[in-house]
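*Asks:* Here it is: the structure, laid out below.
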Amino acid sequence: MSEKLELLYLKEEEVIEAGVLDMKQCIDTIEEMFRLVGKGDYMMGGPNRNDHGLMLWFNKEEKFENIPKAGPDRRFMSLISYLGGEFDVVGNKWYGSNIENLNKGLPRSIHTFTLNDKDTGAPLSIMAGNLISSARTGAVPGVVSKHLARKNAKVVGAVGGGAINQSCVDAITTSVDTIEKVVLFDINVEKGKQIAEKLEKKINLKVEVVDNMDECISQSDIVTVATSGKVKPSINHSSIKPGALILLTGAADLSPETYKENRIVADLWSMHEKWLEDGLSHPEGISSILDWTMSGQLLEMVNNGDYDSGKIDDIGNIIAGDKEGRKSDDEVIICMTGGLPTEDVAWGYKVYQNALEKNLGTKLPLWDSSYLMK
Ligand SMILES: NC(=O)c1ccc[n+]([C@@H]2O[C@H](COP(=O)([O-])OP(=O)(O)OC[C@H]3O[C@@H](n4cnc5c(N)ncnc54)[C@H](O)[C@@H]3O)[C@@H](O)[C@H]2O)c1
459 MSEKLELLYL
469 KEEEVIEAGV
479 LDMKQCIDTI
489 EEMFRLVGKG
499 DYMMGGPNRN
509 DHGLMLWFNK
519 EEKFENIPKA
529 GPDRRFMSLI
539 SYLGGEFDVV
549 GNKWYGSNIE
559 NLNKGLPRSI
569 HTFTLNDKDT
579 GAPLSIMAGN
589 LISSARTGAV
599 PGVVSKHLAR
609 KNAKVVGAVG
619 GGAINQSCVD
629 AITTSVDTIE
639 KVVLFDINVE
649 KGKQIAEKLE
659 KKINLKVEVV
669 DNMDECISQS
679 DIVTVATSGK
689 VKPSINHSSI
699 KPGALILLTG
709 AADLSPETYK
719 ENRIVADLWS
729 MHEKWLEDGL
739 SHPEGISSIL
749 DWTMSGQLLE
759 MVNNGDYDSG
769 KIDDIGNIIA
779 GDKEGRKSDD
789 EVIICMTGGL
799 PTEDVAWGYK
809 VYQNALEKNL
819 GTKLPLWDSS
829 YLMK
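Laid out in structure tokens, this is it:
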């Protein structure tokens with residue numbers, strides 16, 4: 459006779475009560491996750507265990523009217539992984555994204571996150587995933603800044619003021635205590651002003667809004683880029699300050715010399731290489747990955763033989779001490795973070811543990827007794 463099987467359901471308000479917005483705890487958790495990934499104690503999808511996720515690829519034209527067509531930031535994606543160490547659990551972030559959501563009063567993307575027991579596969583928890591995702595995404599530049607920003611970094615430049623970059627700014631200013639101000643450029647300047655007001659209250663630092671990107675980039679020791687939509691930000695090579703750390707969480711246009719003359723670091727380069735494989739097998743070729751991946755341009759250079767990817771270091775290896783960190787105060791470092799499924803598992807699991815401790819959420823039965831086992 460099989461037992462009742464229950465999982466813990468957490469709605470967004472409960473995820474918040476469980477501390478999802480506690481950036482300090484999130485940064486520590488994500489740093490530990492990178493250490494585990496650096497040691498190899500993880501598994502992501504696919505035979506090479508390094509897949510970002512499985513995506514529904516929309517095309518510009520479809521034979522059937524109801525099939526969704528390609529549009530800016532339009533996709534469905536499932537990110538699966540196992541993470542070892544203190545986590546020792548499996549999880550799946552499943553989301554749909556469509557820029558049109560913003561016109562419907564919805565976030566650009568809508569996420570659910572599931573945790574599963576590694577042995578039985580039984581779901582442990584299903585939770586609202588948006589804040590898990592935005593917090594873990596922001597925490598990554600926070601961790602990277604802690605390890606790779608130049609000493610005494612004073613100015614953070616933010617390109618894009620959406621949910622993700624607000625989280626990135628929160629994390630960077632949490633982990634680098636020398637920051638004195640944030641300079642924000644959003645293509646929608648009015649939105650930028652509103653965001654600046656909200657951010658100032660959160661991070662307790664001045665947030666200056668500028669109406670051109672060069673002004674933002676040229677004075678910044680740390681630059682965080684996370685935009686969405688049709689217009690990719692284009693970063694001038696000559697505007698980059700010596701010693702700057704450029705954090706690409708979203709796609710941007712950089713010149714070939716910016717890639718060639720500076721150091722490149724990734725969250726996990728083998729995951730980006732899988733995007734290249736996917737792009738090459740797509741009917742539209744590599745152009746299919748250029749709009750939405752932060753590494754697309756570099757992958758194209760690698761594919762054309764214009765860049766040796768052997769020079770790229772992974773953050774996990776730097777944190778674990780197997781690769782050198784910043785080499786000089788003047789070194790410009792470009793860091794591309796595509797988002798590891800293990801980040802969601804790490805932070806989702808921590809939030810789940812916090813929820814259990816605080817007795818939050820609703821227990822939902824999957825069955826009272828399994829029909830199949832009767
Ligand atoms: N790497 C990761 O782990 C990861 C995870 C989640 C999201 N992302 C990426 O982060 C990006 C931002 O996501 P979001 O949810 O904050 O989006 P959003 O739509 O909520 O906000 C994007 C903001 O960027 C602004 N913007 C658009 N084009 C711009 C430009 N050229 N210059 C300056 N500002 C511009 C918009 O006005 C908007 O305020 C997306 O590309 C998304 O794919 C990355």
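Every number in this note's numbering is 458 more than the matching position in the sequence shown, counting from 1. Even glycine gets a Cβ: it sits at the ideal position worked out from N, Cα and C. This one's a predicted model, so the numbers in the text were calculated from it and none came from an experiment.
Pull up the DSSP beta-bridge partners for Trp825, would you.
*Replies:* Leu463
*Asks:* Tell me whether Leu757 sits in a helix, a strand or coil according to DSSP, three-state version.
*Replies:* helix
*Asks:* Quick check on Ala724: does DSSP put it in helix, strand or coil?
*Replies:* strand
*Asks:* Just tell me which of Ala476, Ala684, Ala607 and Val634 has its CA closest to the CA of Ile645.
*Replies:* When only C-alpha atoms are compared, the closest one is Ala684.
*Asks:* Would Met759 and Ala710 be called neighbours here (beta carbons separated by less than 9 Å)?
*Replies:* no
*Asks:* On the criterion of 16 or more Cβ atoms from any shown chain inside 10 Å, does Ala702 qualify as buried, or is it exposed?
*Replies:* buried
*Asks:* Pull the bridge partners of Pro581 from the DSSP assignment, please.
*Replies:* Asn574
*Asks:* Could you tell me the distance, in whole angstroms, from the CA atom of Pro526 to the CA atom of Asn556?
*Replies:* 10 Å
*Asks:* Are the region 788-802 and the region 539-547 touching, with three or more C-beta to C-beta distances below 8 Å?
*Replies:* yes
*Asks:* Does Asp499 come out as helix, strand or coil in the three-state DSSP assignment?
*Replies:* coil
*Asks:* Applying the criterion that 16 or more other CB atoms from any shown protein chain within 10 Å of the CB defines a buried residue, is Pro700 buried or exposed?
*Replies:* An exposed status is given to Pro700, since fewer than 16 other beta-carbon atoms sit within 10 Å of its beta-carbon.
*Asks:* For my contact list, Gly774 and Leu830 are in at a C-beta cut-off of 8 Å; report their separation, rounded to the angstrom.
*Replies:* Actually they do not touch by this definition, with Cβ atoms about 40 Å apart.
*Asks:* Closest by CA to Lys609, which one among Gly806, Lys785 and Tyr810?
*Replies:* Lys785
*Asks:* Answer yes if the region 809-829 comes into contact with the region 724-739, meaning at least three C-beta pairs across the two stretches below 8 Å, and no otherwise.
*Replies:* Segments in contact, no.
*Asks:* Between Glu472 and the rest of its own chain, which residues show a CB-CB distance below 6 Å, the 5 nearest in sequence each way excluded?
*Replies:* Leu818 and Gly819
*Asks:* Three Cβ pairs or more, each shorter than 8 Å: is that satisfied between the region 572-591 and the region 606-620?
*Replies:* no
*Asks:* Whole angstroms is fine: what's the gap from His730's alpha carbon to Leu748's?
*Replies:* 12 Å
*Asks:* According to DSSP, which residues form a beta bridge with Leu814?
*Replies:* Answer is none; Leu814 lacks a bridge partner.
*Asks:* I need the DSSP call for Thr632, collapsed to helix, strand or coil.
*Replies:* helix
*Asks:* When the Cα atoms are used, what is the spatial distance from Gln624 to Glu638?
*Replies:* 16 Å
*Asks:* Could you give the C-beta distance for Leu705 and Ala593, rounded to a whole number, given that I count them as a contact under 8 Å?
*Replies:* Incorrect: roughly 16 Å between the Cβ atoms, too far for contact.
*Asks:* For Leu663, which beta-bridge partners are listed by DSSP?
*Replies:* DSSP, once it has assigned bridges, lists no residue as partnering Leu663.
*Asks:* So who's on the other strand from Met671, going by DSSP bridges?
*Replies:* Beta-bridge pairing links Met671 to no other residue.
*Asks:* Below 6 Å CB to CB, which residues in the same chain sit around Glu470 once its five sequence neighbours on both sides are set aside?
*Replies:* These residues qualify, in order along the chain: Ala586.
*Asks:* Could you tell me the distance, in whole angstroms, from the CA atom of Gly543 to the CA atom of Asn670?
*Replies:* Straight across, the Cα-Cα distance linking Gly543 with Asn670 is about 45 Å.
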